[in-house]
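Q:
Numbering (my numbering), first residue to last: 323 to 709.
1) Between the Cα of residue 521 and those of 658, 570 and 595, spot the shortest distance and give me the residue it belongs to.
2) Does the stretch 372-390 come close enough to the stretch 477-486 to have 3 or more Cβ pairs within less than 8 Å?
3) Let me know if residue 443 comes out buried or exposed under the rule of 16 or more other beta-carbons within 10 Å of its beta-carbon.
4) Can at least three beta-carbon pairs, one atom from the stretch 481-495 and one from the stretch 388-399, be found at a separation below 8 Å?
5) Going by DSSP in three states, residue 362 sits in which element: helix, strand or coil?
6) Using a Cβ-Cβ cut-off of 7 Å (strictly less than) and excluding sequence neighbours within five positions of residue 586, which residues of its own chain qualify?
7) According to DSSP, simplified to helix, strand and coil, what is residue 486?
8) Classify residue 600 as helix, strand or coil using the three-state DSSP reduction.
9) Out of 519, 450, 517 and 507, state which residue places its alpha-carbon closest to the alpha-carbon of residue 486.
10) Where does residue 643 land, buried or exposed, given buried means 16+ other C-beta within 10 angstroms?
11) What is the rounded straight-line gap between the Cα of residue 390 and the Cα of residue 417?
12) Distance, Cα to Cα, residue 467 vs residue 434?
13) In whole angstroms, what separates the C-alpha of residue 365 from that of residue 580?
14) Name the DSSP beta bridge partners of residue 445, please?
15) When you compare each of 351, 551 and 458 to residue 535 by their alpha carbons, which one comes out closest?
16) For residue 447 versus residue 457, is the C-beta spacing smaller than 7 Å?
17) Which ranges does the alpha helix (DSSP H) cover as unbroken runs of at least 4 residues, wholly within the stretch 589-656, from first to last along the chain?
18) If residue 516 and residue 652 are in contact, beta carbons under 8 Å, what's the gap, nearest whole angstrom?
19) Based on the DSSP output, what are the partners of residue 455 in its beta bridges?
20) My guess is that residue 529 and residue 386 are in contact by the Cβ rule of under 8 Å, so how many angstroms apart are they, rounded?
21) DSSP on residue 583, reduced to helix/strand/coil?
22) Is the separation between the beta-carbon of residue 431 and that of residue 419 shorter than 7 Å?
23) In the DSSP assignment, find the unbroken alpha helix (DSSP H) run with residue 675 in it and report its ends.
24) Go through its chain and collect everything with a Cβ distance to residue 540's Cβ below 7 Å, but skip five positions before and after it.
25) Determine the burial state of residue 646: buried for a count of at least 16 other Cβ atoms within 10 Å of its Cβ, exposed for fewer.
26) Which residues in the same chain have their Cβ closer than 8 Å to the Cβ of residue 614, if we skip the five residues on either side of it in sequence?
27) Taking residue 591 as the reference, give the member of 606, 666, 560 and 608 with the closest Cα.
28) Whole angstroms are fine: how far does the CA of residue 604 sit from the CA of residue 343?
29) Can you round the beta-carbon distance between residue 685 and residue 510 to whole angstroms, since I take them to be within the 8 Å contact cut?
30) Taking residue 553 as part of the alpha helix (DSSP H), name the residues at either end of that continuous run.
31) Measure the alpha-carbon distance for residue 674 versus residue 668 and round it to whole angstroms.
32) What separation, rounded to the nearest whole angstrom, lies between the Cα atoms of residue 676 and residue 371?
33) Count the other CB atoms, across all protein chains shown, that sit within 10 Å of the CB of residue 464; report buried if there are 16 or more and exposed otherwise.
34) Taking the beta strand (DSSP E) that residue 420 belongs to, which residues open and close that run?
35) According to DSSP, simplified to helix, strand and coil, what is residue 668?
36) On a CA-only basis, which of 358, 357, 438 and 345 is nearest residue 415? Give me that one, please.
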C-alpha cells in the first residue's frame, strides 16, 4: 500500500498563487487610476488646518451687541464713472459716501464713513441687486467716528443697482444664543421633517410595489411573472439614479425648497424600500399562505391574512431605518436646492464662514446620533433583540 501523499496547504496551490497575482494586478492598477498619494496627507495638512480649526469652533453663543448699519448706492454701468474726492457731510448725521457712484466690475473706489460711533469695529459688504452680501473686509472707526477703506467692485456684482453696506458692531455686556444657532435649529427641524415626509411617501408607494415585486407571490402564472419582472426593473432603474440628480430635476420642476427634497428622497426611498420589502415577503413562512390558499381564499385575502402579519414588523423596522438614512441624505440634497440644513451649509461654505458651517455640522451630528439611537431602540422593540 502506497503511503498517502501529504496534502498541500491552500496557499501553496497554483490556483491560489494565480488568484493572488490577479488580485495584486487589480489593486496596482486601481492605485494608479485613483491617483492615491498618501504623502499629500502630511505635506499639505497645513492647507486644511485653519479650516478644521474653524469648523471645531462653532458659532453657538455671542455677546450682547448693538450695531449701526449704513448703506451707499452704486450703479453698475457700461463704463467707469468719474471719481471725486469725498467731502465730509454738513450735518452730524452718520453718513457713508463713495468716491464714485457708478462704474464697472474691477473698478477701484474709496469708501468713507462720517459721524459714526468712535472706536468701533465692523464689516464692509458689497450687496448685489438680489440682496446677496459679499464681505469686503473689516473696518474700524477712529476717535472722530470716521473710517476710510479702498475697495474694488467685485466680480459678484449682478444687476444694475448695487450697494456698499457698512455694519459696525460693539458689545454691551451679557451673552445670548447666536443668530447662527437659531437659524440652524430652524433648518435642522425642517431637515428632520423633510426626512420624515420623504420616508412616509416612500413607504406608501413601496408597500404595494413590494408585493408585485415578490417572486413567491407573482411567479405562479405568466401574467404575474411579467408584472414581477416589470416591477423589479422599475425599482432597479429608480435605485440607480442618485437622489442628488433627482433633487436637481425636482428643484427645476417645483422650485427650490424642501418640497423638491421630499420628492427626490421619497422617490429614491420608494425604490430602496420596495426592494427591501419584497425580499422580506420572499422570506416569509409559506405554511400560512398555503393553508389560507387551500381554503379557496382570494389572492387579496391571502395577502391580508397570510403575508401581512408576517412582514409588518419588518416593514416598520426598515421604515425607521430609512428615516435615519433620509435625514443624513437630506444634508447633501440641500446643496442643490432641496431645502433643509444642507442649503444653509452650502451657503456658509461658499462664503468661507466656517465657524457658522461648524454649527450646522454639529447640529447634523447630534440629530443623526439621536435618530440612530431612537431607530435602533424602536427596531429592537418591533423585531426583538438580535440573536
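For every residue, glycine included, the Cβ atom is placed at its ideal position computed from N, Cα and C.
A: In short:
1) With distances taken between CA atoms, residue 521 lies nearest to 595 out of 658, 570 and 595.
2) With a cut-off of 8 Å, the stretch 477-486 and the stretch 372-390 do not count as touching, because too few Cβ pairs lie within range.
3) By the neighbour-count rule (16 or more Cβ atoms within 10 Å), residue 443 is not buried but exposed.
4) Yes, since at least three Cβ pairs between the stretch 481-495 and the stretch 388-399 fall closer than 8 Å, the two stretches touch.
5) In the structure shown, residue 362 sits in a helix (DSSP, three-state: H, G or I).
6) So the list reads 565, 568, 569, 572, 655 and 660, once near-sequence residues are dropped.
7) Assigned with DSSP and collapsed to three states, residue 486 falls in strand.
8) The answer is helix: DSSP assigns residue 600 an H, G or I state.
9) When each option's Cα is compared against that of residue 486, the closest is 450.
10) With 16 or more Cβ atoms within 10 Å of its Cβ, residue 643 is classed as buried.
11) Straight-line Cα distance between these residues: approximately 11 Å.
12) In a straight line, the C-alpha of residue 467 is about 11 Å away from that of residue 434.
13) Cα to Cα, residue 365 sits roughly 41 Å from residue 580.
14) For residue 445, the pairing in a beta bridge is given by DSSP as 460 and 489.
15) The residue with the shortest Cα to Cα distance from residue 535 is 551.
16) Yes, they are a contact pair.
17) As summarised for the stretch 589-656, the continuous alpha helix (DSSP H) elements at least 4 residues long and confined to that stretch are 608-616, 621-624 and 630-655, given in chain order.
18) That pair is a contact at about 5 Å.
19) The partner list for residue 455 (beta bridge, DSSP) reads 449.
20) About 53 Å separates the two Cβ atoms, so there is no contact after all.
21) In this structure, residue 583 counts as helix in the three-state DSSP scheme.
22) Going by beta carbons, residue 431 and residue 419 fall outside the 7 Å limit.
23) Looking at the DSSP string, residue 675 is not in any alpha helix (DSSP H), and its letter there is neither H nor E.
24) Once the five neighbours on either side are set aside, the close Cβ partners of residue 540 are 534, 546, 547, 549 and 550.
25) Buried.
26) Excluding sequence neighbours, residue 614 sits near 623, 624, 627 and 628.
27) The residue with the shortest Cα to Cα distance from residue 591 is 560.
28) Looking at the backbone, the Cα of residue 343 and that of residue 604 are separated by about 40 Å.
29) Going by Cβ atoms, the distance from residue 685 to residue 510 rounds to 5 Å, so yes, they are a contact pair.
30) Its alpha helix (DSSP H) spans residues 544-562.
31) Going from the Cα of residue 674 to the Cα of residue 668 covers about 10 Å.
32) C-alpha separation (whole angstroms): 12 Å.
33) The Cβ neighbour count for residue 464, taken over all protein chains shown within 10 Å, is under 16; the residue is labelled exposed.
34) Segment 417-420, the beta strand (DSSP E) holding residue 420.
35) Helix.
36) The alpha carbon of residue 415 has as its nearest neighbour, out of 358, 357, 438 and 345, the alpha carbon of 438.
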